[in-house]
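Undergrad:
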Amino acid sequence: MNYPETIRNLIECYKKLPGIGEKTAERYALASLNLDEDTINLFSNSLIDVKTKIKKCVKCNSFSEDELCEICKNKKRNHKTICVVEEAKNVILFEKIGIYDGLYYVLEGLISPLEGIDPDKIKISKLLERINEEKIEEVIIAVKPSIEGETTALYITRMLKDTGVKVSKIAHGVPLGAEMEYLDSLTLEVALENRNIISS
Ligand code: ZN
């Protein structure tokens, strides 16, 4: 026989998460049976909360529970520098290291001519607006060193060419195509400190 429908449904739910196949989903579902009621409530409420309470910051596109995220709201941070990243999770990575005190901007993708992702498909124009409106002095490009990353960095550099804004790119001592999240904190710290000025 197969599992009762309720357990089957839970297995199917876990399988929707990345990297979880039938066996792991089965193990998680059975382990869930042993959780106490408080933990189960925490699980289900947290799932609903991330869907209903998490929005994107209107200025930087990062995770936020309000219109503006904690970083954009924080007056103690350096509001003259913006670090441009591909995804919101990259902001969390930088914040964990704690060596950067400026602002961020999440592109939500990288330009990829091969996949038909042109600059209009990612959030580049809003970046330019923000740089102009807030009189940003330095833009640090911190995207992965892939063809897409390089193309995006080049595009941003050209876009800012006549604005007088300093553009730099974090140094990468890692193989081409490495994902940002696999860089350890020391590598990333060194990469940020040794950033290369592309235009100023
Ligand atoms: Zn923000």
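Read left to right, the sequence shown gives residues 4 to 203 (the numbering used here). Glycine included, C-beta positions come from ideal geometry on N, C-alpha and C. Fair warning: this is a prediction, and the values are worked out from it, not measured in the lab.
Using the DSSP secondary-structure output, state which residues sit across from Lys59 in a beta bridge.
TA: For Lys59, which the question treats as bridged, DSSP gives the partners Phe66.
Undergrad: Using the three-state DSSP reduction, which class does Tyr107 fall into: helix, strand or coil?
TA: Three-state DSSP puts Tyr107 in a strand.
Undergrad: If I follow the unbroken alpha helix (DSSP H) through Ser128, where does it start and stop?
TA: Element bounds for Ser128: Ile127 to Glu136.
Undergrad: Quick one: measure Cβ to Cβ for Lys164 and Ser202, integer angstroms, because I've assumed they're closer than 8 Å.
TA: Contact flag correct, Cβ pair sits at about 6 Å.
Undergrad: Among the candidates Glu98, Ile74, Leu110 and Cys72, whose CA atom is the shortest distance from the CA of Val87?
TA: Nearest of Glu98, Ile74, Leu110 and Cys72 to Val87, Cα basis: Leu110.
Undergrad: Between the beta-carbon of Gly101 and the beta-carbon of Ile85, is there less than 8 Å?
TA: No. Outside cutoff.
Undergrad: Please list, in chain order, all residues of the same chain as Ser115 whose beta carbon is under 6 Å from its beta carbon, the five residues on each side excluded.
TA: Excluding sequence neighbours, Ser115 sits near Glu151.
Undergrad: At what residues does the beta strand (DSSP E) containing Ser171 begin and finish?
TA: Here the beta strand (DSSP E) through Ser171 covers Lys169 to Lys172.
Undergrad: Taking the runs of the alpha helix (DSSP H) that are 4 residues or longer, which of them lie wholly in the region 134 to 162?
TA: DSSP runs (the alpha helix (DSSP H)) wholly in the region 134 to 162: 150 to 162.
Undergrad: For Tyr107 and Ile74, which I take to be in contact (beta-carbon distance under 8 Å), what is that distance rounded to the nearest angstrom?
TA: Indeed they touch by this definition, with Cβ atoms about 6 Å apart.
Undergrad: Quick check: is any heavy atom of ligand 1 less than 7 Å from the C-beta of Lys62?
TA: Within the cutoff, so yes.
Undergrad: May I ask whether a heavy atom of ligand 1 can be found less than 7 Å away from the beta carbon of Ser149?
TA: Answer for Ser149: no, Cβ out of range of ligand 1.
Undergrad: Have a look at Leu113 and Ile125 and give me their C-alpha separation to the nearest angstrom.
TA: Their backbone Cα atoms lie some 7 Å apart in a straight line.
Undergrad: Of all the CB atoms in chain E, is at least one closer than 8 Å to the CB of Tyr107?
TA: The structure shown contains no chain E; it is built from a single protein chain.
Undergrad: To which residues does DSSP link Ile23 through a beta bridge?
TA: Paired residues: none, contrary to the question.
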